[in-house]
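Trainee: Quick note on our numbering: the sequence shown kicks off at 462 and runs consecutively. Ideal Cβ positions, reconstructed from N, Cα and C, are used throughout, including at glycine.
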Amino acid sequence: MNLRNILLVIPALTLLAACGDSNQGKPVDDTTAILVKVSPMSPSKSGATLYASGTIEAVQSANISTRIMGFVQRLRVKPGDKVRKGTVLIEINNADITAKRAQVRANILAAEAAFANVEKDYGRYKARFGAQSASQKEMDDISAQYQMAKAKLEAARQMEQEVEAQMNYVRIKSPFNGVVTNTFVKEGDLANPGMPLLEVESPDQFQVVAMVPESDISKITQDMTVNVHLKTLDQWLSGRVSEVSSSSKNTGGQYLVKVILE
């Protein structure tokens, strides 16, 4: 959720976040205004009010994408669906990987059968060699066949692991427990590598993200106690400053501040 108009109130300094307060000639913004009161251990009695724009967002969120190109074969979820870690969210149709997977499985079956036969022969020759009824050359030959068959089976299984890793980009799973908040494609659409397909967020924990000007950033410290007021609900929540950006190089002189809601 994006709840704009965040007010950070700090003794000796007040930060005000206002995103578009003027509604003249514009539709009314139905987002919820929230008040964030930051309380240091030794507050000062003096203070001004400072405004900074910000949002409330999930601490854990992910835009789900794929690394391969293919058509969306099946979209298993919709916005609002709860998912568990490992739940298949979307399936991409990629004929090359599907065919490769089938070939690898066939190779494994053949390698397993060949290894089983050589293993039996190896056991017989080993027993005969111990009884001195098989020559050293025969033992060397069957040992070489045994090692070769074993290596082929291991190589086939290694290839299976590689193909299964590629299958993770065909049958894309949720990286954590959460809720599907958005989908960007539908069945039949072409999915390109890196293209966002859907979004998953964890509803367990949220944070306030605000931008603070350089002149005031020194008044905010990590782990500072914060009280968050949801204005429309007239509800207070507690929070803690979890991150204070050390640079404003690419943000127009504004510093990113994050407050974990507890």
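1) With which residues is GLU704 paired in a DSSP beta bridge?
2) The alpha helix (DSSP H) that contains GLY591, what's its start and end?
3) Does LYS710 come out as helix, strand or coil in the three-state DSSP assignment?
4) Is it right to say LEU651 is buried, meaning 16 or more other beta carbons lie within 10 angstroms of its own, or is it exposed?
5) Identify, in the order they occur along the chain, each residue of the same chain with its Cβ nearer than 6 Å to the Cβ of SER703, setting aside the five sequence neighbours on each side.
6) Which residues bound the alpha helix (DSSP H) around ILE603?
7) Would the region 636 to 653 and the region 534 to 545 be scored as touching if the rule is three or more Cβ pairs under 8 Å?
8) Would you mind sorting VAL549 into buried or exposed? The rule is 16 or more other CB atoms within 10 Å of its CB.
9) Compare the Cα-Cα distances from MET672 to each of VAL579, SER635, GLN715, PRO657 and report the closest residue.
10) Using a threshold of 8 Å, state whether the C-beta atoms of VAL565 and GLU621 are closer than that.
11) Determine contact between the region 561 to 581 and the region 672 to 684, defined as no fewer than three beta-carbon pairs at a distance below 8 Å.
12) Quick one: what's got a C-beta closer than 6 Å to ASP582's C-beta in the same chain, skipping five residues either side?
13) Is the beta carbon of VAL631 sitting closer than 8 Å to the one on ILE529?
14) Is the beta carbon of PRO657 closer than 8 Å to that of ASN568?
15) Here's a check: name, in chain order, each residue in its chain whose Cβ is nearer than 7 Å to the Cβ of LYS435, leaving out the five neighbours to either side.
16) Would you list the residues sitting across from ARG535 in a DSSP beta bridge?
17) Taking a contact to mean a Cβ-Cβ separation below 8 Å, would you say LEU659 touches ILE553 in this structure?
18) Please name the residue in GLU662, ASN711, PRO674, GLN668 whose C-alpha comes closest to that of PRO540.
19) Judging by CA-CA distance, which residue of SER526, SER676, ASN643, SER699 is the nearest neighbour of PHE667?
20) Taking a contact to mean a Cβ-Cβ separation below 8 Å, would you say LYS546 touches ASN629 in this structure?
21) Would you list the one or two residues that DSSP bridges to ASN653?
22) Alpha carbon to alpha carbon, how far is PRO674 from SER709? Give it in angstroms, no decimals.
23) Rounded to whole angstroms, what's the CA-CA distance from ALA519 to ASP665? Just pull it up for me.
24) Quick one: grab the DSSP three-state call for LYS634.
25) Quickly, what does DSSP pair THR516 with across the bridge? List them, please.
Mentor: By the coordinates alone:
1) Within the sequence shown, residue 704 is the residue found at index 243, counting from 1. DSSP output for GLU704 lists LYS719 as bridge partner(s).
2) Reading the sequence shown from its first residue, position 130 is the one you call residue 591. 556 to 591 is the extent of the alpha helix (DSSP H) around GLY591.
3) To locate residue 710, count along the sequence shown from 1; it is residue 249. Looking at LYS710 - three-state DSSP - the assignment turns out to be coil, as it is neither helix nor strand.
4) Here residue 651 corresponds to residue number 190 of the sequence shown, with the count starting at 1. Classification for LEU651: exposed.
5) In the sequence shown, the residue the question calls residue 703 occupies position 242. Apart from the 5 residues on each side of it in sequence, SER703 sits with its Cβ closer than 6 Å to the Cβ of LYS719, ILE721 in its chain, given in chain order.
6) Walking along the sequence shown from the start, residue 603 turns up at place 142. Its alpha helix (DSSP H) spans residues 597 to 628.
7) At 8 Å Cβ cutoff, the stretches touch.
8) Counting from one through the sequence shown, the residue named residue 549 turns up at place 88. VAL549 is exposed by the Cβ-count criterion.
9) Taking the first residue of the sequence shown as position 1, residue 672 is located at position 211. Proximity to MET672 across VAL579, SER635, GLN715, PRO657 peaks at GLN715, based on C-alpha coordinates.
10) Position 104 of the sequence shown, counted from the start, is the residue given in the question as residue 565. Position 160 of the sequence shown, counted from the start, is the residue given in the question as residue 621. Cβ atoms of VAL565 and GLU621: closer than 8 Å.
11) When C-beta atoms of the region 561 to 581 are compared with those of the region 672 to 684, fewer than three pairs fall below 8 Å, so the two segments do not count as touching.
12) If you number the sequence shown from 1, residue 582 lands on position 121. Scanning its chain for C-beta atoms nearer than 6 Å, with the 5 sequence neighbours on each side dropped, one finds around ASP582 the residues ILE603, in chain order.
13) Translated into the one-based positions of the sequence shown, residue 631 becomes position 170. Translated into the one-based positions of the sequence shown, residue 529 becomes position 68. Closer than 8 Å, so yes.
14) For this step, residue 568 is matched to residue 107 along the sequence shown. For this step, residue 657 is matched to residue 196 along the sequence shown. At a Cβ-Cβ threshold of 8 Å, ASN568 and PRO657 do not count as neighbours.
15) This structure cannot speak to residue 435, because the chain is shown only from 462 to 723.
16) Taking the first residue of the sequence shown as position 1, residue 535 is located at position 74. GLU552.
17) Here residue 659 corresponds to residue number 198 of the sequence shown, with the count starting at 1. Here residue 553 corresponds to residue number 92 of the sequence shown, with the count starting at 1. With contacts defined as CB atoms closer than 8 Å, LEU659 and ILE553 fail to qualify as a contacting pair.
18) Taking the sequence shown and counting its residues from 1, one reaches residue 540 at position 79. Measuring from the Cα of PRO540, the nearest candidate turns out to be GLU662.
19) Within the sequence shown, numbered from 1, the residue matching residue 667 stands at position 206. Ranking SER526, SER676, ASN643, SER699 by Cα distance to PHE667 puts SER699 first.
20) As a working note, residue 546 is residue 85 in the sequence shown. As a working note, residue 629 is residue 168 in the sequence shown. Contact flag unset, no.
21) For the purposes of this step, residue 653 is taken as residue 192 along the sequence shown, with counting starting at 1. Looking at the DSSP assignment, ASN653 forms no beta bridge with any residue, so it has no partner.
22) By 1-based counting over the sequence shown, the position of residue 709 is 248. By 1-based counting over the sequence shown, the position of residue 674 is 213. One C-alpha to the other measures close to 9 Å.
23) Position 58 of the sequence shown, counting from 1, holds the residue named residue 519. Position 204 of the sequence shown, counting from 1, holds the residue named residue 665. Rounded to the nearest angstrom, the two C-alpha atoms are 8 Å apart.
24) Position 173 of the sequence shown holds residue 634. Strand, per DSSP.
25) As a first step, residue 516 is located in the sequence shown; it is residue number 55 there, counting from the start. Per DSSP, VAL670.
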